[in-house]
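A short worksheet on the structure shown next.
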DNA sequence: GTGGTTCAGTGGTTCAACCACTAACAGTAT
DNA sequence: ATACTGTTAGTGGTTGAACCACTGAACCAC
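Chains as they are written, first to last, in the working numbering: chain A, 703 to 939; chain B, 703 to 939.
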């Protein structure tokens with residue numbers, strides 16, 4: 703790895719490549735409790751510097767994939783019981799297509815939590831946030847950006863920092879795949895309708911309405927995404 | 703808030719100390735878009751090596767606190783729109799006591815999602831998982847370990863990997879604070895009752911019952927925790 | 001057995017140097 | 001004036017070698 707013998711496209715940093723490489727190796731071929739080679743050996747195997755390997759290992763540690771013990775070594779953790787949302791995100795991007803089961807997981811959780819938070823937001827929202835909502839609807843951003851902003855406003859109005867962070871997770875994924883969804887004009891108008899209706903529910907402080915409005919649009923979204931997915935991959939839907 | 707308050711001193715690694723230091727500095731005194739000093743300057747300021755600083759910066763990057771741009775520098779991100787659950791966790795442990803608002807956030811989200819997942823689990827659980835549930839109830843672990851295991855089983859039975867990872871987040875926190883909760887014998891028997899009832903609901907595949915049983919115990923838990931908290935900090939409850 | 005010592009192997013940290021990228025600027029050609 | 005080009009300073013990215021700190025196992029003395 704010392705010299706770029708070929709004009710390869712190295713868009714990622716070296717330690718990021720090592721993160722992906724080791725993550726795949728760990729998930730696919732190793733088991734909890736297994737010991738990873740020493741930092742020196744990994745560095746030698748990959749023909750990179752030990753410091754670079756260490757930066758990659760620090761990231762893998764934060765993903766919940768490994769545990770680094772001073773004086774002992776590096777051990778594989780059970781990602782089912784120690785993995786976090788960052789690992790989930792990486793699993794999405796490791797493959798070139800998002801696995802269908804992962805997609806289902808995502809939409810299932812989303813449908814559970816978002817309507818409830820919209821209901822809570824309707825009770826806690828203040829004038830300033832109402833105005834922000836109106837300006838989001840009126841501005842000239844793309845519908846994708848608007849929708850992301852609306853959900854962020856729901857989180858802000860809910861006054862729940864944990865939901866704010868949870869939403870960041872959803873949005874980071876949706877930002878990458880959402881453009882596909884909004885290529886369909888029907889989906890665009892459906893979201894615009896959702897934004898308008900939710901604003902009214904917020905203005906009147908009607909939590910039940912906020913809940914149902916949000917639930918309905920998520921169910922619509924779900925159907926559309928499944929339809930799209932099974933159209934692209936007829937054997938998986 | 704670790705259990706072993708005696709005997710174990712602060713033996714954090716140097717780069718971990720730097721993570722905490724920089725995280726506090728960023729959250730408390732800096733704003734999104736601000737530029738952090740260069741790696742070389744930070745290393746000089748803290749009188750540590752640049753490689754050590756870099757390992758800390760890699761972690762801060764994964765927390766969503768900073769963005770590192772090759773050739774440009776290190777920039778503060780808006781943690782409200784880029785922070786993740788790991789950052790939320792760090793915010794809990796940065797202070798010596800868990801802030802009340804954070805506690806509320808946690809319990810609010812937990813109460814929304816866990817009963818729904820229990821209902822889903824009741825529909826997807828298989829014989830093997832039923833047996834695992836029974837063995838959890840019968841074994842001799844502490845009630846804290848049992849309760850963590852029961853929730854893990856709910857996640858496993860739900861067949862939702864994302865919820866599995868979300869639960870890891872909750873459990874990592876509950877593992878550190880839960881022993882306080884279970885010091886109360888009433889709370890212990892309440893959880894044991896929950897485990898038995900949920901097992902029956904799972905056996906009969908009754909999703910509504912699984913939902914309400916889980917919701918009830920979470921509401922009980924919530925009240926107890928709030929009561930405990932306002933007893934310790936009378937001015938905040 | 002018990003307790004202390006040594007030793008090899010591991011992660012943690014340091015140092016100095018160089019590579020690769022970015023922005024800003026000055027100079028040039030058009 | 002405008003657009004292009006090369007230079008340069010400052011930044012993060014990577015390297016190599018060395019040493020420090022911790023762990024477990026083997027060994028030894030009692």
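We treat Cβ as the ideally placed atom computed from N, Cα and C, and that holds for glycine.
Taking only beta-carbon positions, decide if residue i is within less than 8 Å of chain B.
i	result
residue 849 of chain A	no
residue 923 of chain A	no
residue 746 of chain A	no
residue 726 of chain A	no
residue 757 of chain A	yes
residue 892 of chain A	no
Going along chain B in order, which residues have a C-beta closer than 8 Å to the C-beta of residue i?
i	result
residue 826 of chain A	Per Cβ cutoff of 8 Å: no residues; residue 826 of chain A is ~11 Å from chain B at best.
residue 807 of chain A	862, 863, 864, 865
residue 871 of chain A	786, 787
Grab me the residues of residue i's own chain with a C-beta within less than 7 Å of its C-beta, minus the 5 sequence neighbours each way, in chain order.
i	result
residue 889 of chain A	883, 926
residue 787 of chain A	871
residue 717 of chain A	754, 757, 758
residue 916 of chain B	816, 817, 820, 900
residue 766 of chain A	779, 781, 784, 785, 786, 789
residue 869 of chain B	853, 854, 857
residue 924 of chain A	809, 813
residue 922 of chain A	892
residue 933 of chain B	none
Give every residue of the same chain whose Cβ lies closer than 8 Å to the Cβ of residue i, excluding the five residues on either side of it in the sequence, and list them in chain order.
i	result
residue 747 of chain A	739
residue 862 of chain A	819, 822
residue 699 of chain A	This structure cannot speak to residue 699 of chain A, because chain A is shown only from 703 to 939.
residue 825 of chain A	907, 909
residue 841 of chain B	848
Using a Cβ-Cβ distance under 8 Å, would residue i count as near chain A?
i	result
residue 783 of chain B	yes
residue 753 of chain B	yes
residue 927 of chain B	no
residue 804 of chain B	yes
residue 719 of chain B	no
residue 706 of chain B	Below a pLDDT of 50, predicted positions are generally treated as unreliable, and residue 706 of chain B, at 30, falls in that range; the measurement from the model is reported next regardless. Not an interface residue.
Given that residue i touches chain A, what residues does it touch there, using C-beta distances under 8 Å?
i	result
residue 841 of chain B	The contacting residues do not exist; residue 841 of chain B stays about 17 Å from chain A at best.
residue 823 of chain B	Chain A residues near residue 823 of chain B: none, gap ~12 Å exceeds 8 Å.
In this structure, what does DSSP give as the bridge partners for residue i?
i	result
residue 775 of chain A	A:771
residue 737 of chain A	A:777
Under 7 Å Cβ-Cβ, which residues of chain B neighbour residue i?
i	result
residue 764 of chain A	761, 764, 788
Using C-beta distances below 6 Å, list every residue in its chain close to residue i, excluding the 5 sequence neighbours before and after it, in chain order.
i	result
residue 919 of chain A	896
residue 749 of chain B	none
residue 827 of chain B	859, 904
residue 911 of chain A	903
residue 769 of chain A	777, 779
residue 744 of chain B	755
Output, in chain order, the set of chain A residues within a Cβ distance shorter than 9 Å of residue i.
i	result
residue 815 of chain B	811, 814, 815, 818
For residue i, which residues in chain B fall below 9 Å Cβ to Cβ?
i	result
residue 854 of chain A	782, 783
Task: Residues, ordered as in the chain, of the stretch 729–746 of chain A that lie near chain B by beta-carbon distance below 7 Å - done: none
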